[in-house]
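Enquirer: Dropping a structure here in structure tokens format, bear with me for questions.
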Amino acid sequence: MDDHTSHAHGVGSSRARLVAALAITVSILLAEVIGAIITGSLALIVDAAHLLTDAGGLGLALFAAAIARRAPTVRRTWGFGRAEVLGATAQAAVLLGVGLFVFVEGVHRLFTPPEVVGGELAIFGVIGLVGNLAAIAVLASKRNANFNLRAAFLDVLGDALGSVAVIVAAVVIALTGWDRADAVAAIAIGILILPRCFVLLRETIDVLLESTPRGLDLNAVREHLIQQDHVLAVHDLHATQIATGLPVLTAHVVVDDECFYDGHASAILDDLQSCVAEHFAVQIEHSTFQLERAVHSEHEHETHA
266 MDDHTSHAHG VGSSRARLVA ALAITVSILL AEVIGAIITG SLALIVDAAH
316 LLTDAGGLGL ALFAAAIARR APTVRRTWGF GRAEVLGATA QAAVLLGVGL
366 FVFVEGVHRL FTPPEVVGGE LAIFGVIGLV GNLAAIAVLA SKRNANFNLR
416 AAFLDVLGDA LGSVAVIVAA VVIALTGWDR ADAVAAIAIG ILILPRCFVL
466 LRETIDVLLE STPRGLDLNA VREHLIQQDH VLAVHDLHAT QIATGLPVLT
516 AHVVVDDECF YDGHASAILD DLQSCVAEHF AVQIEHSTFQ LERAVHSEHE
566 HETHA
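Each residue of the sequence shown is one higher than the last, beginning at 266 in my numbering.
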């Protein structure tokens, strides 16, 4: 099975899990909208709004997963693999906005708490929690397969924690009559959402900015390449990530002049590619090396690190 076929199979599995998670999320959303109308709870309204963005995000992730299955073309030589990164970035950005709104509105309601019906609130909180646990079960085993599934898993995990906060608030209101517990629960949901959004957003933006893949030390790569036989220097060393599980590396490698006359250049190229594919924690199977004589630098533009 080649790389593209394997990647497409993984995306197909991701798509099935996203469909199931989306169906569960929409069902919970409808229940919580009804519950928010009945109880007047901010925590439930916020959780329903969070679910609405999650449903949109899961729909976007599903679309990205479908697009990512398309084969490479002459125009898009890497295919649409980066679609899952774009989808996850959009999800994280929307969740960040929701988290900020939740926090601000929750603080406002601490000072002007409306009356909230605790008993009904608990019922809808339990409904939400059960549904979210089902969605977590669907996504958990493959949550690190790609950015899309990771974003989706964070979405439903945040929903589950939000449901727990709603249930706690309902119990406190029912037992003590302290309506501000609803606002506290809403703020707690916001606090749970924001840090995870920042982390995911930072990581997906790193991919879009073609930063060095996490866990790969380019200085260590350079040092290891230079230690290979006949290698004199390495420059224009770049490593990026196209999509989940698809890091790429390019470099100009200066080798002994005789390598171009005794047929040894091909063996050096094999050694270099094996080095980056096997030696480091981030294994790079897509690597491109330009072998050069030392005098070739006179014909190049200014080199990069």
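Think of the CB as a built atom: it goes at the ideal place given N, C-alpha and C, for glycine as much as any other residue.
Keep in mind that this is a model prediction, so the values were computed, not measured.
Of all the options Ala296, Phe376, Gln356 and Leu287, which has the alpha carbon lying nearest to the alpha carbon of Ile470?
Expert: Nearest option by C-alpha distance: Gln356.
Enquirer: Does the separation of the CB atoms of Leu473 and Val350 fall below 8 Å?
Expert: Yes; because the gap between Cβ atoms is below 8 Å, this pair is in contact.
Enquirer: CB Gly371 to CB Ile452, shorter than 8 Å?
Expert: Contact flag set, yes.
Enquirer: The alpha helix (DSSP H) that contains Thr533, what's its start and end?
Expert: Note on residue identity: the sequence assigns Ile, not Thr, to residue 533. Here the alpha helix (DSSP H) through Ile533 covers Ala530 to Glu543.
Enquirer: Starting from His503, follow its DSSP beta bridges and name the residues at the other end.
Expert: DSSP, once it has assigned bridges, lists Thr515 as partnering His503.
Enquirer: Nearest CA to the CA of Leu394: which residue from Ala417, Phe368, Leu375 and Ala296?
Expert: With distances taken between Cα atoms, Leu394 lies closest to Ala296.
Enquirer: Mind checking Glu557: buried by the 16 CB within 10 Å criterion, or exposed?
Expert: Label assigned to Glu557: buried.
Enquirer: For His544 and Gly480, what's the separation of their Cα atoms in angstroms?
Expert: Their backbone Cα atoms lie some 13 Å apart in a straight line.
Enquirer: Could you check how far apart the C-beta atoms of Arg415 and Leu465 are, in whole angstroms? I think they sit under 8 Å.
Expert: The Cβ separation is near 7 Å, so the contact holds.
Enquirer: Going by Cα to Cα distance, which pick from Leu537, Leu457, Val518 and Val513 is closest to Leu361?
Expert: Comparing Cα-Cα distances from Leu361 to each of Leu537, Leu457, Val518 and Val513, the minimum goes to Leu457.
Enquirer: By Cβ distance below 7 Å, which residues in the same chain neighbour Ser292 in space, the five residues on each side in sequence not counted?
Expert: So the list reads Gly396, once near-sequence residues are dropped.
Enquirer: I'd like to know if the stretch 397–406 and the stretch 501–513 are in contact, where contact means that at least 3 CB-CB pairs between them fall below 8 Å.
Expert: Touching, no.
Enquirer: Check whether the Cβ of Cys540 sits closer than 7 Å to any heavy atom of the ligand HEM, and report yes or no.
Expert: Annotation note on the ligand HEM: not contained in the displayed structure, which lists no ligands.
Enquirer: Write down the C-beta distance between Ala353 and Ile332 rounded to the nearest angstrom, noting that I regard them as a contact closer than 8 Å.
Expert: Ala353 to Ile332, Cβ: 13 Å. No contact.
Enquirer: Within the continuous alpha helix (DSSP H) that includes Gln356, where are the two ends?
Expert: Per DSSP, Gln356 belongs to the alpha helix (DSSP H) from Ala348 to Phe376.
Enquirer: In terms of DSSP beta bridges, what is Glu557 paired with?
Expert: The partner list for Glu557 (beta bridge, DSSP) reads Val519.
Enquirer: Just confirm the distance between the C-beta atoms of Ala301 and Leu309, as a whole number of angstroms; I'd bet it's less than 8 Å.
Expert: Correct: roughly 4 Å between the Cβ atoms.
Enquirer: Quick check on the burial criterion: 16 or more other C-beta atoms within 10 angstroms. Buried or exposed for His517?
Expert: With 16 or more Cβ atoms within 10 Å of its Cβ, His517 is classed as buried.
Enquirer: Based on the DSSP secondary-structure assignment, which residues constitute the bridge partners of Val496?
Expert: Val520, per the DSSP bridge assignment.
Enquirer: Leu534: which of Phe345, Val520 and Gly364 sits nearest, CA to CA?
Expert: The shortest Cα separation from Leu534 among Phe345, Val520 and Gly364 belongs to Val520.
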